[in-house]
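Numbering (the numbering used here), first residue to last: 37 to 325. Think of the CB as a built atom: it goes at the ideal place given N, C-alpha and C, for glycine as much as any other residue. Predicted model only: the values in this text are computed from it and were never measured.
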Amino acid sequence: MAGVAVITMLAISACIASDDNDVSFVSSSRSGFGGDLECDEAALGSDDLTSFVVAHRVVDGELGEACFGERNEVVLDAWSKLAEITPPGQLGDLGLFGGFTSDEGGDEVTLAFVNTIDDDGTLFRMSINVEEADIDPDELLLTMAHEFSHVFTGVSTQIDRSSDSDESCQTYFNGEGCYAPDSLMYSWIEQFWGNGLIDEIDADADPTAGSGQDRCDSSPGFFGAYAASGPEEDFAESFSAYVFELQADTDAQQDKLDWIDGQPGLAEFRNRAIAAGYTPLQNNFDRCG
Ligand SMILES: [Zn+2]
Numbered sequence: 037m038a039g040v041a042v043i044t045m046l047a048i049s050a051c052i053a054s055d056d057n058d059v060s061f062v063s064s065s066r067s068g069f070g071g072d073l074e075c076d077e078a079a080l081g082s083d084d085l086t087s088f089v090v091a092h093r094v095v096d097g098e099l100g101e102a103c104f105g106e107r108n109e110v111v112l113d114a115w116s117k118l119a120e121i122t123p124p125g126q127l128g129d130l131g132l133f134g135g136f137t138s139d140e141g142g143d144e145v146t147l148a149f150v151n152t153i154d155d156d157g158t159l160f161r162m163s164i165n166v167e168e169a170d171i172d173p174d175e176l177l178l179t180m181a182h183e184f185s186h187v188f189t190g191v192s193t194q195i196d197r198s199s200d201s202d203e204s205c206q207t208y209f210n211g212e213g214c215y216a217p218d219s220l221m222y223s224w225i226e227q228f229w230g231n232g233l234i235d236e237i238d239a240d241a242d243p244t245a246g247s248g249q250d251r252c253d254s255s256p257g258f259f260g261a262y263a264a265s266g267p268e269e270d271f272a273e274s275f276s277a278y279v280f281e282l283q284a285d286t287d288a289q290q291d292k293l294d295w296i297d298g299q300p301g302l303a304e305f306r307n308r309a310i311a312a313g314y315t316p317l318q319n320n321f322d323r324c325g
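What follows is the structure, encoded as structure tokens:
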């Protein structure tokens with residue numbers, strides 16, 4: 037009898053930086069994990085472009101010993117920064133935390149990505165590009181906030197991953213699932229992606245700075261072209277700007293920062309970043325509009 041191999045497509049949100057070191061981010065889908073916390077190279081999903089150098093299990097919000105590879109100071113530093121800015125209870129949404137090197141060519145480099153470990157989206161893995169993370173400490177901070185926003189907007193109370201089609205989804209189907217009507221992301225979409233903007237997005241395409249450039253050119257509310265690639269990257273970039281007290285370049289950017297400030301629980305990230313002495317960071321996002 038022939039065996040059946042099942043490869044589950046899981047969400048990945050990857051952060052991309054162009055060669056000129058601007059921060060921008062991308063979401064994409066790749067084949068990834070099985071439904072458990074296996075930690076070998078096959079489970080981690082190293083491929084032609086991505087090689088894991090270390091992975092840790094996260095147990096009840098605490099970083100455990102490395103379960104793959106060797107101790108890496110950049111990864112440990114990234115974790116400690118994430119743990120400083122994130123309310124401790126929320127770190128429990130992570131099941132794995134790892135570091136990788138990337139052989140991507142071209143003008144965009146993956147800084148980090150988040151993917152679900154299980155089908156329901158109850159546990160996540162965050163993976164950091166150890167070479168890029170070492171280059172710019174401010175960029176690393178922004179990246180950690182950006183990535184973690186993909187976690188707290190992607191948990192199973194926020195998005196129904198058993199929904200597998202656009203047709204049955206009354207809110208926004210992002211290619212992986214259907215957002216709950218009262219989810220943070222759907223509220224964001226209603227607030228900032230109205231007037232047909234959301235209909236321009238191909239949820240199955242990998243967002244890139246290039247795919248957001250036209251919207252960035254015509255709208256001053258985005259924090260860079262990558263943010264304009266879709267609502268999730270828009271939120272993630274805006275959230276990182278909010279957490280690290282970036283000065284808004286435009287009133288429309290300020291509206292986004294104010295909206296985030298009004299949501300329950302999100303100010304705690306910023307308050308923790310302030311307490312850690314990480315703010316304010318410079319707003320180096322490319323200007324839109
Ligand atoms: Zn992202």
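- Bounds of any beta strand (DSSP E) do not take in Phe305; it lies within the alpha helix (DSSP H) bounded by Ala303 to Ala311.
- Taking C-alpha positions only, Ile153 is separated from Thr86 by approximately 17 Å.
- According to DSSP, Ala102 shares a beta bridge with His92.
- Not one heavy atom of ligand 1 falls within 7 Å of the beta-carbon of Ala241.
- Every beta strand (DSSP E) of 3 residues or more that sits fully in the segment 139 to 220 is shown, in chain order, as 144 to 152 and 160 to 165.
- As summarised for the segment 237 to 312, the continuous alpha helix (DSSP H) elements at least 4 residues long and confined to that stretch are 245 to 254, 267 to 279, 287 to 297 and 303 to 311, given in chain order.
- For Val94, the closest alpha carbon among the candidates Cys75, Asp76 and Phe133 is that of Phe133.
- Proximity to Glu168 across Arg161, Met162 and Leu176 peaks at Leu176, based on C-alpha coordinates.
- One thing to note: Gln194 has its Cβ within 8 Å of the Cβ of Tyr215.
- Three or more beta-carbon pairs drawn from the segment 308 to 315 and the segment 279 to 287 are found closer than 8 Å, and the two stretches are therefore classed as touching.
- When Glu101, Gly213, Ala181 and Ser255 are compared, the shortest CA-CA separation from Gly131 is found for Glu101.
- A distance below 8 Å separates the beta carbons of Ser255 and Cys324.
- DSSP places Phe228 in the helix class (H, G or I) of the three-state scheme.
- Annotation for Glu77: the continuous alpha helix (DSSP H) segment containing it runs Glu77 to Leu80.
- Beta-bridge partners assigned by DSSP to Thr137: Ser87.
- It is roughly 10 Å from the alpha-carbon of Glu98 to the alpha-carbon of Ser116.
- According to DSSP, Leu317 shares a beta bridge with no other residue.
- In the structure shown, the three-state DSSP call for Leu73 is coil.
- Rounded to the nearest angstrom, the gap between the Cα atoms of Gly257 and Ser274 is 9 Å.
- At least one heavy atom of ligand 1 sits closer than 7 Å to the Cβ of His182.
- Per DSSP, the continuous alpha helix (DSSP H) segment holding Asp113 begins and ends at Glu109 to Ile121.
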